[in-house]
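First up is the structure itself, then whatever we jot down about it.
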Amino acid sequence: MGRMAFVGRRLLQLIPVAFGVTFIVFFMVHLIPGNPALSILGIHATPKAIAILHQEWGLNRPLWDQYWLFLDRLLHGNLGQSLYYGQSTTSLVFSHLPPTLWLIIYSALLSVLISVPLAMAAASRQGGLRDHVVRAVPLLGLGMPSFWLAFLLILLFGIKLGVFPVSGYGSGFFGHLRSMFLPSLTAALALSPVVIRSLRASMLTVLGADFITTARSKGVPGGRLFFRHVLRNAVIPAVTVLGINIGFLIGNTVIIENVFAIPGLGQLMINSIFQRDFPVVQGVTLVFAVLVVLINLLADVAYAALDPRVRFD
Amino acid sequence: MSTVSLPAGTEPGPGTPVVPSAAERRATRRWYRQPALMAGIIITGVIVIAALAAPLLTSYNPTTQNLTASLLGPSAHHLLGTDQLGRDTFTRLLYGLRVDLRIAFIAVLFPFVLGTVLGSLAGYFGGWADVVVMRLVDIVVAFPFYVLVIALVFVLGPGERSIYIAITTVGWVSYARIVRGEILVAKRQEYVRAAQSGGLSSLRIMGRHLLPNVISQAFIYAMSDIVQDILAIVTLGYFGLGVPPPTADLGSMINDGQNFLSTHWQLTTIPGLVVVLVGLGLSLIGDGLADILRPGQS
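Chains as they are written, first to last, in my numbering: chain L, 228 to 540; chain F, 5 to 302.
What follows is the structure, given as structure tokens:
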């Protein structure tokens, strides 16, 4: 099976997911107790506006017709009109997307920088002191609320040491790099327990492989063995682990953006919840799902392209 | 006759699986000999008992305000000081734990049951049942966990019932995947074949023969799932979408405290520390259970 066929099949698998995700987002409006038109237009809607919406969105028609109309609007890039901002949800989403993408990429890089050395330290002496210390990290980290971790970092780096800004997005590339450091570090630390755990396991598997025994027996020195033979083969699983947990990472950015006042999608979502701006909440929820699906697809394709041993079946 | 010396590097290293003797196996199976499990049980036990015994451990009321005693530091009267409304922090911590732990322990049950049932059906029958369940799994995991939980609680309205619905909608997926995988392996084994050729009904084979053999994996996962549910409840509380005020909840306590971060850091840090401790205790129990229930696989 060729690479193009693999990508094609992967895209085909997305069709039911696309229908399911859009249906859940569509159905959210019917989960609100009370009249759906009121939740779309807000409590101050005039009877006339409600009547027009009923006509346009087919709210009196069967559920499937309504869903069809929803998909039709979606394909025309129409996510509805914000009640609070007075703009279309689509333009709001695009203006809030860059900080969120920054945060996702920055924290993914930081989490690799944190997790790979720790997992290496643990795997190189299995059962040793370093291993026990690193294995304790997930025990403490998995139960740590990310917003609370953010406050600890703000207390330490922002208030006590005063070395990093504690809110905002910054301006320019280096401004972003500086302002987004603490938020990205928070997201990276929240993710690292999961990554370290799987990375340690995959490094141990690599260490037990025949080619490592061969390298050892022909006298490859320890450091070289680790960097050239083990690390290269363990980084690919690290990318896969990041891909699998991208939903976790993105979910955390919603929380972290709100602690650090970053004008991204997560802040837009929570603000819209406080304003009861239903169309925006609906639109942002959909965009987050699209982000996860696209990043997963990219990770799979990159994985297949990077590792010649991956078989396309 | 000369003794054969093994070349260096061939003696069994730490990575080599060593078959434990019967005595060793018995030892690992004795739950009280597991230090991690014992530590987990002690930590979780102390916290749960403290939460249950809240009315005995403190004489304050968690919601009564006393504006003349606001933002006090720790003292003999107020072990952890008071918040901006003069409520005793230690008292709110105990009552908050009570609320959050109760919701988390109930919330974990629904996804456990739903995911186990759907995963068993998918794994045992295969075919269409499998396709439908696994496509549903794909759809749910397309949403980031917190995004779907927050969105669902928003549309359903804040409160306990919404938390249960949201966590169930999102949480069943992992159980379904775990149980399906286990069933796929187990159903090829001879005892299942024997039960099938003996003419037992599918329901009886799944319920009486397969489930007891596969449930332990789901149970181990449930330990880390409770930790995730506690985090979700605390996060919802932090955003004001959890239990409505003035009921104490660790998330809303952290939210209240964040305005006083530079002057009264204990209001923010201590509730979070308690959450971390609960997570540590439950994770240790989960790891210990994993060692007992699947020996040799740790």
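All C-beta atoms in this analysis are idealised placements derived from N, C-alpha and C, irrespective of residue type, glycine included.
Classify residue i: buried if its beta carbon has 16 or more other beta carbons within 10 angstroms, exposed otherwise.
i: LEU513(L); result: buried
i: ALA12(F); result: Any reading at ALA12(F) needs caution, since the residue's pLDDT is 42, under 50, leaving its predicted position unreliable; the model's value is listed next. That one is exposed.
i: ASN262(L); result: exposed
i: GLU484(L); result: buried
i: PHE94(F); result: buried
i: VAL189(F); result: exposed
i: VAL360(L); result: exposed
i: PHE438(L); result: exposed
i: GLY235(L); result: exposed
i: GLY211(F); result: exposed
i: THR7(F); result: A caution first: THR7(F) carries a pLDDT of 43, below 50, which makes its placement in the model too unreliable to give a value.
i: VAL520(L); result: buried
i: ASP299(L); result: exposed
i: VAL157(F); result: buried
i: LEU125(F); result: buried
i: GLY19(F); result: Caution is warranted here: a pLDDT of 42 is assigned to GLY19(F), below 50, making its placement in the model unreliable, and no coordinate value can be reported.
i: LEU240(F); result: buried
i: THR14(F); result: Because THR14(F) carries a pLDDT of 40, less than 50, the predicted location of this residue cannot be relied on, and the following value inherits that uncertainty. Answer is exposed; the Cβ neighbour count stays below 16.
i: PRO21(F); result: Bear in mind that a pLDDT of 45 at PRO21(F), under 50, signals an unreliable position, so the number given afterwards is only what the model happens to contain. With fewer than 16 Cβ atoms within 10 Å of its Cβ, PRO21(F) is classed as exposed.
i: ASN263(F); result: exposed
i: VAL508(L); result: buried
i: HIS303(L); result: exposed
i: THR86(F); result: buried
To which residues does DSSP link residue i through a beta bridge?
i: SER315(L); result: GLN308(L)
i: ASP92(F); result: THR86(F)
Residues of the segment 83 to 111 of chain F with Cβ closer than 7 Å to any Cβ of chain L, in chain order: none
Three CB pairs or more closer than 8 Å across the segment 48 to 62 of chain F and the segment 94 to 107 of chain F: yes
Three-pair Cβ contact test at 8 Å for the segment 140 to 151 of chain F versus the segment 462 to 480 of chain L: yes
Any 3 or more C-beta pairs closer than 8 Å across the segment 483 to 501 of chain L and the segment 314 to 329 of chain L: yes
Interfacial residues, the segment 501 to 529 of chain L to chain F, with Cβ spacing under 9 Å: PHE501, ARG503, PHE505, VAL508, GLN509, VAL511, THR512, PHE515, ALA516, VAL517, LEU518, VAL519, VAL520 and ASN523
Cβ-based contacts, 9 Å cut-off: residues of the segment 259 to 282 of chain L near chain F: ILE259, PRO260 and SER266
Runs of alpha helix (DSSP H) wholly within the segment 436 to 481 of chain L (minimum 4 residues, chain order): 437 to 444 and 459 to 471
Near-chain L residues of the segment 251 to 281 of chain F - C-beta to any C-beta below 9 Å: LEU254, GLY255, ILE258, ASN259, GLY261, GLN262, LEU265, SER266, TRP269, THR272, THR273, PRO275, GLY276, LEU277, VAL279, VAL280 and LEU281
Touch test, the segment 449 to 461 of chain L against the segment 500 to 518 of chain L, Cβ-Cβ under 8 Å, three pairs minimum: no
Selection of the segment 385 to 405 of chain L by Cβ proximity to chain F, strictly under 8 Å: ILE386
Residues of the segment 330 to 343 of chain L whose Cβ lies closer than 7 Å to any Cβ of chain F, in chain order: none
Whole runs of the alpha helix (DSSP H) within the segment 202 to 246 of chain F, excluding any shorter than 4 residues: 215 to 242
Cβ contact (3+ pairs, closer than 8 Å) linking the segment 419 to 430 of chain L and the segment 345 to 360 of chain L: yes
Given 8 Å, three or more beta-carbon pairs between the segment 268 to 285 of chain F and the segment 176 to 186 of chain F: no
Ordered list of alpha helix (DSSP H) runs contained in the segment 108 to 153 of chain F, each at least 4 residues: 113 to 129 and 131 to 145
At least three beta-carbon pairs within less than 8 Å, the segment 36 to 52 of chain F to the segment 61 to 71 of chain F: no
Ranges of the alpha helix (DSSP H) found wholly within the segment 356 to 418 of chain L, counting only runs of at least 4: 356 to 368, 373 to 380 and 399 to 406
Ordered list of alpha helix (DSSP H) runs contained in the segment 48 to 86 of chain F, each at least 4 residues: 58 to 61
contact_flag[the segment 119 to 130 of chain F, the segment 272 to 285 of chain F] where n(CB pairs < 8 Å) is 3 or more: no
Contact the segment 127 to 141 of chain F vs the segment 71 to 78 of chain F: 3+ CB pairs below 8 Å: no
Inter-stretch contact at 8 Å, needing at least 3 Cβ pairs: the segment 162 to 169 of chain F / the segment 245 to 253 of chain F: yes
Cβ contact (3+ pairs, closer than 8 Å) linking the segment 227 to 240 of chain F and the segment 356 to 375 of chain L: yes
Residues, ordered as in the chain, of the segment 219 to 241 of chain F that lie near chain L by beta-carbon distance below 9 Å: SER228, VAL231, GLN232, ILE234, LEU235, VAL238 and THR239
Against chain F: residues of the segment 461 to 475 of chain L by CB proximity under 7 Å: GLY474 and PHE475
Alpha helix (DSSP H) runs contained entirely in the segment 484 to 521 of chain L, provided each spans 4 or more residues: 492 to 501
Proximal residues, the segment 366 to 378 of chain L versus chain F, C-beta separation under 9 Å: LEU366, LEU367, GLY368, LEU369, GLY370, MET371, PRO372, SER373, PHE374, TRP375, LEU376 and PHE378
Stretch-stretch touch, CB-based, cutoff 8 Å, three pairs: the segment 460 to 472 of chain L with the segment 416 to 424 of chain L: yes
Touch test, the segment 257 to 271 of chain L against the segment 237 to 249 of chain L, Cβ-Cβ under 8 Å, three pairs minimum: no
Chain L contacts from the segment 54 to 69 of chain F (Cβ-Cβ distance under 7 Å): none
Cβ contact check for the segment 376 to 390 of chain L and the segment 399 to 419 of chain L: 3 or more pairs under 8 Å: yes
Cβ-based contacts, 9 Å cut-off: residues of the segment 141 to 152 of chain F near chain B: No chain B is part of this structure, whose protein chains are labelled L and F.
Residues of the segment 154 to 174 of chain F whose Cβ lies closer than 8 Å to any Cβ of chain L, in chain order: ILE154, ALA155, LEU156, PHE158, VAL159, LEU160 and GLY161
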